[in-house]
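Asker: For the sequence shown, the numbering used here assigns the number 1385 to the initial residue and increments by one for each residue that follows. We put the beta carbon where it would ideally sit given N, CA and C, even for glycine.
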Amino acid sequence: MAPYSDQGYGGAVYAESVTVSGSNFASNSVNTTDGFLNTADGGGVVGVGYARIVGSTFAGNRAKDLGGAVAVLDDPSLLKVEDSIFRDNAAAFGGALGNDSSAIEVERSEFDSNTATGISGGLVHDAGQGGAIWAASSVTLRDATFDGNTAALVE
């Protein structure tokens, strides 16, 4: 169950713990319709506490707030990504990946043209944070490729 009933989570998948392997997520989105006070995280996938993504592709997914493709919520939490591709995803924070409490680990994955918009519903922040990845704690990268990701300046 989502932490708050008036919030949106996981445009395609929402689970307490989730493992995704050999899958494609394209053009999924999550947004709230009743104003800027509610959050909408994880355009493709939300894991509460844990998410593991292996050999999967996320393209064109959108979240109003955290993690355009994948978000992990709650503490402690871990988002682990291996051999995956993230392209053209967007969110206010973490265009591709977002973890609001703990760590993100990435191995042998590609991040291309993801965007942190800095705009969360009716709220406008000074700038997006983490064009490809945003984490409240540590990020570990091994053999990852980043190309054309942006964190937008909001004027």
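Please report how far the alpha carbon of GLU1491 lies from the alpha carbon of ASP1467, in whole angstroms.
Answerer: Position 107 of the sequence shown holds residue 1491. Position 83 of the sequence shown holds residue 1467. One C-alpha to the other measures close to 6 Å.
Asker: Using DSSP with H/G/I as helix, E/B as strand and the rest coil, what is ARG1526?
Answerer: On the sequence shown, position 142 is the one that residue 1526 refers to. It is a strand residue.
Asker: For SER1405, count neighbouring Cβ atoms within 10 angstroms of its own Cβ and tell me buried if that reaches 16, exposed if not.
Answerer: Along the sequence shown, read from residue 1 onward, the residue named residue 1405 stands at position 21. With fewer than 16 Cβ atoms within 10 Å of its Cβ, SER1405 is classed as exposed.
Asker: Label ARG1446 either buried or exposed according to how many other C-beta atoms from any shown protein chain fall within 10 Å of its C-beta, with 16 as the threshold for buried.
Answerer: Taking the first residue of the sequence shown as position 1, residue 1446 is located at position 62. ARG1446 should be labelled buried.
Asker: Which whole runs of the beta strand (DSSP E) in the region 1398-1449 are 3 residues long or more, in chain order?
Answerer: Those beta strand (DSSP E) runs which fall completely within the region 1398-1449 and span 3+ residues are 1408-1410, 1429-1438, 1441-1443.
Asker: Work out the CA separation of GLY1532 and ALA1399 for me, nearest whole Å.
Answerer: In the sequence shown, the residue the question calls residue 1399 occupies position 15. In the sequence shown, the residue the question calls residue 1532 occupies position 148. Taking the straight line joining both Cα atoms gives about 30 Å.
Asker: THR1501 bridges to which residues according to DSSP?
Answerer: Mapped onto the sequence shown, residue 1501 falls at position 117. For THR1501, which the question treats as bridged, DSSP gives no partner whatsoever.
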